[in-house]
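So the structure is just underneath, and the comments pick up after that.
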Amino acid sequence: MFRKSFLLFILLLFFTHLYSEEIKGIWVIRWDIDRPLKVFKLMDDIKRYDINTLFVQVYARCEAMYNSEIAPRSTELLDSPFNYDPLDLILKLAHRDGYKVHAWINLYYAWSHAPFPLSGQHIINKHPEWIIGDSEGVNLKTYSVEEIKAMGLEGYFLEPGNPAVRKYLRKIVREIIENYDVDGIHMDYCRYPQRDFGYDIPARVTFMRENYIDPLKIKDRSKIREELGDEAFFDLQKRWDVWRREQVTLTLKEIYNDVKKGKPGIQVSVAVIGDNNHASGDLFQDWVLWARTGYVDFVVPMLYSSNINWIERKTRNIVTLIGKDKLAVGLGAYLQDYANLLQEIIKVEGMETKGYLLFSYGGMVEKGYFD
Numbered sequence: 017m018f019r020k021s022f023l024l025f026i027l028l029l030f031f032t033h034l035y036s037e038e039i040k041g042i043w044v045i046r047w048d049i050d051r052p053l054k055v056f057k058l059m060d061d062i063k064r065y066d067i068n069t070l071f072v073q074v075y076a077r078c079e080a081m082y083n084s085e086i087a088p089r090s091t092e093l094l095d096s097p098f099n100y101d102p103l104d105l106i107l108k109l110a111h112r113d114g115y116k117v118h119a120w121i122n123l124y125y126a127w128s129h130a131p132f133p134l135s136g137q138h139i140i141n142k143h144p145e146w147i148i149g150d151s152e153g154v155n156l157k158t159y160s161v162e163e164i165k166a167m168g169l170e171g172y173f174l175e176p177g178n179p180a181v182r183k184y185l186r187k188i189v190r191e192i193i194e195n196y197d198v199d200g201i202h203m204d205y206c207r208y209p210q211r212d213f214g215y216d217i218p219a220r221v222t223f224m225r226e227n228y229i230d231p232l233k234i235k236d237r238s239k240i241r242e243e244l245g246d247e248a249f250f251d252l253q254k255r256w257d258v259w260r261r262e263q264v265t266l267t268l269k270e271i272y273n274d275v276k277k278g279k280p281g282i283q284v285s286v287a288v289i290g291d292n293n294h295a296s297g298d299l300f301q302d303w304v305l306w307a308r309t310g311y312v313d314f315v316v317p318m319l320y321s322s323n324i325n326w327i328e329r330k331t332r333n334i335v336t337l338i339g340k341d342k343l344a345v346g347l348g349a350y351l352q353d354y355a356n357l358l359q360e361i362i363k364v365e366g367m368e369t370k371g372y373l374l375f376s377y378g379g380m381v382e383k384g385y386f387d
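All residue numbers for the sequence shown refer to our numbering, where the first residue is 17 and numbers rise by one.
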C-alpha cells in the first residue's frame, strides 16, 4: 500500500512538473526563417542556451509563413523554394529535439513602412475598408508611408471594431491550429495604434447601432456640451473608450475560446505593452483584465531595458496586478551584453514567474551571442 501511494506521489510530481515547466523562450522573427538553412542554423544555435520554447513569427503584415488558404504567402519567401513551409520544418526539428513551438501572429498589424503589396489577395488590397480610420474618419490606407511615419505609427492597422476583421482573424488562428501541431498561439499587436483611431465607417456604424450616436460627433466637445451638458459629454466619451477596449478584448476572448475548444492543450498568450495604464488607457489593450479573467493563459509584457533594477521593479509591480502564474517577462536581449542579460534573467526567475522570452534570436545573432 505504501509503495503504491509513493509511486502515485512520484507520478503526480512528474506530471505537475511537466505542466508547470518554466518558459525559457525566444522570439524568432520571420526573416530569420525565410530559408531552410537558416532554420537548421537556428536549431543549432539555441542548443547553446537554456531555451525550451520558440515563439516563431508565422503571420505578419497579413501574410503567412506557412501554407495558408486564407492569407497570401509572405513576401519574405519570394526567393525560397516554392514548397518550403517554415512552420512545418521548425515544428519537425523542434519537436524532435524536445522544444515547444508557439505560433506568433501579428493580430491587427496589416502592413509596414513599405510599398503596398502587389497581391490582390492581400487584405490591404482586397478589403481596404478593413483598415482603421483616423480621428477625422479618414481611412489609414489613404496615407503615404512618409505620412504614417510622421504620425509615429508602426504601419497600417486593421480596425478592431469591425466584425468582419474579427471573423477573419479567428479563421487565421483556426487554420493554424487545425493544420499544425503547435504548442501555443502567441498574439502581438493586439491593440489600437494610438488613442485617436477607430473612426472608420464600419466601426462607427457598429458603435451607432449599439449607442445611437456617431463617435465623430462625440469629438465635437463644444456642440455636445452645449446641447447635452458636460456630464453627458464625459459619459459619451467614456462609453466610446470602453467600447473600443471591449472590441480588442472580444477578439482575444473569441480566439481563446476557439483554441481551447479545438485543442485544449494549446497555450494562448499575448505580447503586451509593459505600462498597463498606457496600454489600457491609450491603446485599449486591457491585459490586466485578460490575465485576471482567464482570457489568456499568460501575458508577456515587453520590458525591453538594460536597467536591471527597473526590470526587477516592473516585474514585481506586474506580479501584484496579475500574479506569478500569468506572467512571462519579455526581455530585450538585443539591447545588452550577455552578463547584463543573465542578471535580468536571474532577477525574473527569482520571482518565480511563468518564465521569460528573449527578443530576439536575430538581434542576439547580431550581437554575437551564438559565436
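Yeah, the Cβ is synthetic: ideal placement off N, Cα and C, and Gly gets one too.
Host beta strand (DSSP E) of residue i (start-end)
| i | result |
| --- | --- |
| Lys116 | Lys116 to Asn122 |
| Gly348 | Ala344 to Gly348 |
| Met224 | Looking at the DSSP string, Met224 is not in any beta strand (DSSP E); the run it does join, the alpha helix (DSSP H), is Ile217 to Asn227. |
| Ser321 | Counting along the chain, Ser321 falls outside any beta strand (DSSP E), and DSSP gives it neither H nor E. |
| Lys40 | Ile39 to Val44 |
Sub-9 Å separation of residue i and residue j beta-carbons
| i | j | result |
| --- | --- | --- |
| Ile106 | Ala126 | no |
| Gly310 | Ile193 | no |
| Arg186 | Asp274 | yes |
| Val335 | Leu347 | no |
| Glu162 | Ser128 | no |
| Ile148 | Asn155 | yes |
| Glu354 | Ile188 | Residue identity differs from the one stated: residue 354 is Tyr in this sequence, not Glu. Cβ distance not < 9 Å, so Tyr354 and Ile188 don't count as in contact. |
| Gly177 | Ala130 | no |
| Val345 | Ile324 | no |
| Ala349 | Val315 | no |
| Pro88 | Arg46 | no |
| Phe223 | Asp230 | yes |
| Lys40 | Asn68 | yes |
| Tyr205 | Tyr82 | no |
| Ala307 | Gly339 | yes |
| Asp61 | Glu92 | no |
| Pro144 | Arg77 | no |
| Asp341 | Gly297 | no |
| Lys370 | Thr331 | no |
| Leu70 | Lys116 | yes |
| Lys79 | Ser96 | Note on identity: in this sequence residue 79 is Glu, with Lys being the wrong assignment. No. Outside cutoff. |
| Ile423 | Tyr184 | Given that the chain is displayed from residue 17 to residue 387, the structure contains no residue 423 and the question cannot be resolved. |
| Met203 | Leu252 | no |
8 Å contact criterion, which residue i and residue j should meet: CB distance rounded
| i | j | result |
| --- | --- | --- |
| Tyr215 | Asp150 | 6 Å |
| Trp43 | Leu373 | 6 Å |
| Tyr272 | Asp48 | The Cβ separation is near 28 Å, so there is no contact. |
| Arg207 | Leu299 | 4 Å |
| Ile201 | His118 | 7 Å |
| Gly366 | Leu319 | 15 Å between Cβ atoms; not a contact. |
| Trp120 | Val72 | 6 Å |
| Val304 | Leu337 | 5 Å |
| Arg182 | Leu266 | 7 Å |
| Gly153 | Leu232 | 6 Å |
| Pro209 | Phe250 | Contact doesn't hold; Cβ gap of about 24 Å is too wide. |
| Arg255 | Asn293 | That pair is no contact at about 20 Å. |
Per DSSP, cross-strand counterpart(s) of residue i
| i | result |
| --- | --- |
| Asp204 | Asn122 |
| Phe375 | Gly348 |
| Ala80 | Tyr75 and Arg89 |
| Tyr172 | Trp127 |
Residue range of the alpha helix (DSSP H) that includes residue i
| i | result |
| --- | --- |
| Thr69 | Where Thr69 is concerned, there is no enclosing alpha helix (DSSP H), although the beta strand (DSSP E) it sits in stretches over Thr69 to Ala76. |
| Ile388 | Residue 388 lies beyond the stretch modelled for the chain, which goes from 17 to 387, so this question has no answer here. |
| Tyr196 | Here Tyr196 belongs to no alpha helix (DSSP H), and DSSP marks it neither H nor E. |
| Asn356 | Tyr354 to Gly366 |
| Val154 | It is not in any alpha helix (DSSP H) - Val154 carries neither H nor E in the DSSP assignment. |
| Asp60 | Pro52 to Ile62 |
| Pro231 | Pro231 to Ile234 |
| Ile164 | Val161 to Ala166 |
Any C-beta of chain C under 9 Å from that of residue i
| i | result |
| --- | --- |
| Val288 | Here chain C cannot be found, since the structure has a single protein chain. |
*Whole runs of the alpha helix (DSSP H) within the region 86-142, excluding any shorter than 4 residues*: 102-112 and 139-142
*Taking only runs that begin and end inside the region 269-344, name each unbroken beta strand (DSSP E) of 3 or more residues, in chain order.*
283-289 and 314-319
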